[in-house]
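To convert a position in the sequence shown, counted from 1, into my numbering, add 13. Note that beta-carbon positions come from the ideal geometry of N, C-alpha and C, so glycine has one too. Keep in mind it's a predicted model, so treat the numbers as computed, not measured.
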Amino acid sequence: YEAGQASFGDTLSWFVNMVPRGASAGESFSAYNAEAALLRAGEARLLALDWWNGNRVPHGNSALSGMILGLTMQTDPVAIYRALMESLCFGMRQIFDLYGAGGFPVSRVVMTSGLAQRNALLVQTMANVLGHNIEVPDIDNATAVGAAIHGAVASGIVADYSEGAARFGARTCKVYVPDSEAHDVYSGLFSQYKSLSADANLRQVMSVVGAWSG
Numbered sequence: 014y015e016a017g018q019a020s021f022g023d024t025l026s027w028f029v030n031m032v033p034r035g036a037s038a039g040e041s042f043s044a045y046n047a048e049a050a051l052l053r054a055g056e057a058r059l060l061a062l063d064w065w066n067g068n069r070v071p072h073g074n075s076a077l078s079g080m081i082l083g084l085t086m087q088t089d090p091v092a093i094y095r096a097l098m099e100s101l102c103f104g105m106r107q108i109f110d111l112y113g114a115g116g117f118p119v120s121r122v123v124m125t126s127g128l129a130q131r132n133a134l135l136v137q138t139m140a141n142v143l144g145h146n147i148e149v150p151d152i153d154n155a156t157a158v159g160a161a162i163h164g165a166v167a168s169g170i171v172a173d174y175s176e177g178a179a180r181f182g183a184r185t186c187k188v189y190v191p192d193s194e195a196h197d198v199y200s201g202l203f204s205q206y207k208s209l210s211a212d213a214n215l216r217q218v219m220s221v222v223g224a225w226s227g
């Protein structure tokens with residue numbers, strides 16, 4: 014059973030490139046994060062579905078598409094950016110909860126990748142949505158290091174993965190602790206996210222519109 018999202022950081026990159034706020038993507042991300050961090054949980058008054066490249070879990074349907082609910086003439090780009098970020102976290106919480114419902118409760122959450130290292134607002138939002146501490150290892154190229162550890166085990170350089178991680182992996186990590194007030198707000202929004210996700214009629218409309226040829 015696949016437990017992944019069809020898009021994540023590329024969703025934010027798509028929006029930042031479509032509506033830039035700086036001379037480069039890096040400048041735009043910095044500007045958006047600085048302004049979005051000033052918004053309280055739920056203050057954007059938007060709810061998005063993170064299906065900009067289809068959905069893997071729970072629907073396994075590449076024909077589904079993203080959606081933003083609550084847009085008005087007062088909505089600004091920062092609110093949309095914040096809603097997109099929150100939607101990614103809601104999508105992960107749906108996966109997180111499905112693990113528990115399937116008899117595999119999650120006891121530890123570790124986020125790796127350059128995105129986790131560069132975007133503290135995203136990781137903190139994820140912690141607030143999940144209601145769970147999130148660890149970000151202090152190591153560059155974590156995916157490549159993990160692959161190298163697998164190779165070290167296979168070649169006999171180390172006896173097992175624990176030894177490989179101790180020898181080549183991160184020594185420290187940054188821990189993001191959820192804010193209980195924000196978690197309560199996000200739990201209410203997440204219940205609405207689940208309602209949208211479970212709406213078969215909505216998914217049917219998405220599929221029809223996506224296949225429309227005029």
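Among the options, nearest to residue i - alpha-carbon criterion
i, options, result
"A224", "M31, G55, D63 and L77", "L77"
"Y206", "Q87, M86, F103 and R69", "F103"
"V188", "T138, M219, A178 and G115", "T138"
"M219", "A92, W65 and S208", "W65"
"Q18", "S37, M105, I81 and S26", "M105"
"D197", "G169, V190, V142 and G159", "V142"
"G115", "D89, A16 and Q217", "A16"
"A47", "M124, S226, V158 and V91", "V91"
Check whether residue i and residue j have beta carbons under 8 Å apart
i, j, result
"A44", "R34", "yes"
"V70", "L111", "yes"
"G79", "A61", "yes"
"F28", "I93", "yes"
"L11", "L215", "Not covered by the structure: residue 11. The range shown for the chain is 14 to 227."
"S75", "G83", "no"
"A38", "S26", "yes"
"W63", "S100", "Correcting the residue identity first, residue 63 is Asp in this sequence and not Trp. Yes, they are a contact pair."
Distance, residue j Cα to residue i Cα
i, j, result
"V149", "M31", "29 Å"
"Y199", "A96", "11 Å"
"N154", "V122", "18 Å"
"G144", "A179", "28 Å"
"P118", "T24", "28 Å"
"R53", "I162", "40 Å"
"F42", "F21", "15 Å"
"C186", "S126", "13 Å"
Per-residue DSSP class, three states only, for residue i
i, result
"V149", "strand"
"W27", "helix"
"M80", "strand"
"N66", "coil"
"V188", "strand"
"L215", "helix"
"N74", "strand"
"A157", "helix"
Contact belief for residue i with residue j at Cβ below 8 Å, rounded distance in angstroms
i, j, result
"N146", "A140", "7 Å"
"I152", "A183", "4 Å"
"L128", "M98", "Incorrect: roughly 11 Å between the Cβ atoms, too far for contact."
"L59", "T88", "7 Å"
Residue-level contact to chain C via CB, residue i, 8 Å cutoff
i, result
"W64", "In summary, chain C is missing from the structure at hand, where a single protein chain is found."
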